[in-house]
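Position 93 of the sequence shown, counted from 1, bears residue number 119 in the numbering used here, the numbering being contiguous throughout.
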Amino acid sequence: MSIQLHDYLKIAEKEKDLPKVIAYNRIDGPGSSLDLSEFQETFWRIPDTNIPDPTHIEEPHIWTPDKDPSGRWTMKLPRTVGITIDTGTKIEAHPFDPDLIGVKSVEYKTEVIAAPGDVIPVSQNWLLKIMEIFNIKGVMFVLKNLREGIQSSGLGGSSTATIGVCILANELAGRPFSKIQLISLASRIEQGFGVSITGTQEQSNVIFGGVTDYVWFPWGKPGYPSTGYGESVRFELLPPEDYRLLEGRTAIFHSGHPRLSSEVNLTWRNALLTEVGYKLHSKKMKVAYDFREGLRLKKWDHVLEAIEEYRKIRTKLCEGYMENSRELLERAKTYKCTAFPLGAGGGGGVLLFSPEPESLELLREDLKGLYREIPFKIRSKGHELSNI
């Protein structure tokens, strides 16, 4: 039997207590694209050393970090570091026709409506299909970005919206799915419906948040119950009291051009099928680990070196990755900083990094009036629920 939400939401609307979730974006870095299923499955293999015993499956530290804070046994595995920031999407549940479900985007000025059971599996219906999966009706989800004008900025916007809808629908349906199942659901629906080429990084970031190292397990952890795709080992690299150290060394500027993420991701994926491309991709695990350790140990020079190396590998694999970002990189080098196009690159948001906060401030002044800055703060949580 479907879950009828109309009457409940009418009461909540009257009391100005509509259920909602705020899902936050992420900054990626060295390791991004290793969360795509093809890369997880290509480069994952049982580690040379024994996998440590787990503690609790839903905790940020699946394995106690004080026993091995370096996580050296994960060095050769596909991984990504997610940094949660305070941009993202607010999703609110409104009362709707008792026999229908709907999704409305304020920014994109779109609206899709259907009766549960009649949702056609096409790309524009991907969020509506998620609502149908949870067997709810009488509800319209209204999506609004927390900050205007930063759509398609390489911050994981579409994936953030997708997992946000999963989280809110899961709450309204009585939590039938676990966190890991929600990550898998969001990832597979988004890619399966042709919305974008996506993995599990952005979705994991919204579920867990913080400055977190994700080591991917595409078939689950050997010897332990799991759900497969979406599974990860997670390490918190910086506690909240140290966020300011990273914030002072990072900035995001928008290149002012549209992104070409699908084309870039497709080029990278096709390169995996060539001998030269495979060898270049296979270098990513070590660079991503170096980035992880640079953040954990606050060795900011190592962070810069890892960003530089990873960007070079990506550019060799696809020249379009640096499209519309080359001038930003040259200006960054002038101030002993570096630049890293976010997401799949090809325009959109660009991460600027410097080991020295003073150098970054000089670069920031130089870019004023030329590029739009996207200010941010790092957050310890990937989402916030209200009025559930």
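Each residue gets a CB set at the ideal place from its N, CA and C atoms; glycine is no exception.
- In the structure shown, residue 229 adopts helical secondary structure according to DSSP, grouped into three states.
- Residue 169 has its alpha-carbon roughly 13 Å from the corresponding atom of residue 44.
- The closest CA to that of residue 33, considering only 70, 115 and 125, is found on 125.
- Counted as a single uninterrupted DSSP element, the alpha helix (DSSP H) harbouring residue 215 occupies residues 205–218.
- In the DSSP annotation of this structure, residue 283 is not part of any alpha helix (DSSP H), being labelled neither H nor E.
- A Cβ-Cβ separation of about 7 Å places residue 275 in contact with residue 381 under the 8 Å criterion.
- Taking the C-beta atoms as reference points, residue 188 is found no nearer than 7 Å to residue 158.
- Runs of beta strand (DSSP E) with 3 or more residues, each lying fully within the region 267–324, are found at 276–280, listed in chain order.
- Judged by DSSP in its simplified three-state form, residue 400 adopts coil rather than helix or strand.
- The DSSP assignment places complete alpha helix (DSSP H) segments of no fewer than 4 residues inside the region 349–395 at 352–360 and 383–393, in order along the chain.
- Between residue 233 and the set 374, 191 and 151, the nearest pair of CA atoms involves 191.
- Note that the region 287–298 does not touch the region 249–260; fewer than 3 beta-carbon pairs, one per stretch, sit closer than 8 Å.
- For residue 157, the enclosing alpha helix (DSSP H) starts and ends at 152–159.
- When secondary structure is reduced to three states using DSSP, residue 237 falls in the strand class.
- Annotation for residue 41: no alpha helix (DSSP H) segment contains it, and DSSP assigns it neither H nor E.
- Annotated three-state conformation of residue 173 is coil, per DSSP.
- Straight across, the Cα-Cα distance linking residue 177 with residue 111 is about 15 Å.
- Only exposed fits residue 299, as fewer than 16 other CB atoms lie within 10 angstroms of its CB.
- According to the DSSP assignment, residue 189 belongs to the alpha helix (DSSP H) that extends over 183–198.
- Less than 7 Å divides the Cβ of residue 145 from the Cβ of residue 154.
- For residue 137, the uninterrupted beta strand (DSSP E) segment begins and ends at 136–140.
- With the rule of 3 Cβ pairs closer than 8 Å, the region 350–368 does not count as touching the region 94–107.
- For residue 46, the uninterrupted beta strand (DSSP E) run begins and ends at 46–53, by DSSP.
- In summary, residue 314 is buried, with 16 or more beta-carbon neighbours lying within 10 Å of its beta-carbon over all protein chains present.
- Under DSSP, residue 167 shares a beta bridge with 119 and 129.
- With fewer than 16 other Cβ atoms from the protein chains shown falling within 10 Å of its own Cβ, residue 305 counts as exposed.
- Membership of residue 69 in the alpha helix (DSSP H) is indicated by the continuous run 63–69.
- From the listed residues 410, 312 and 220, the smallest Cα separation to residue 58 is found for 312.
- Linking residue 60 to residue 280 through their CA atoms gives a straight-line distance of about 24 Å.
- As DSSP reads the structure, residue 409 sits in a beta bridge with 49.
- At a Cβ-Cβ threshold of 7 Å, residue 224 and residue 256 do not count as neighbours.
- By the CB criterion at 7 Å, residue 372 and residue 290 fall inside the cutoff.
- With respect to the 7 Å criterion, residue 409 and residue 193 are classified as neighbours on the basis of their beta carbons.
- For residue 221, same chain residues with a beta-carbon under 7 Å away, outside a window of 5 residues either side, are 149, 152 and 184 in chain order.
- For the pair residue 241 and residue 103, the CB atoms are nearer than the 7 Å cut-off.
- Taking C-beta separations shorter than 7 Å and ignoring five residues to either side along the sequence, the partners of residue 67 in its chain run 244, following chain order.
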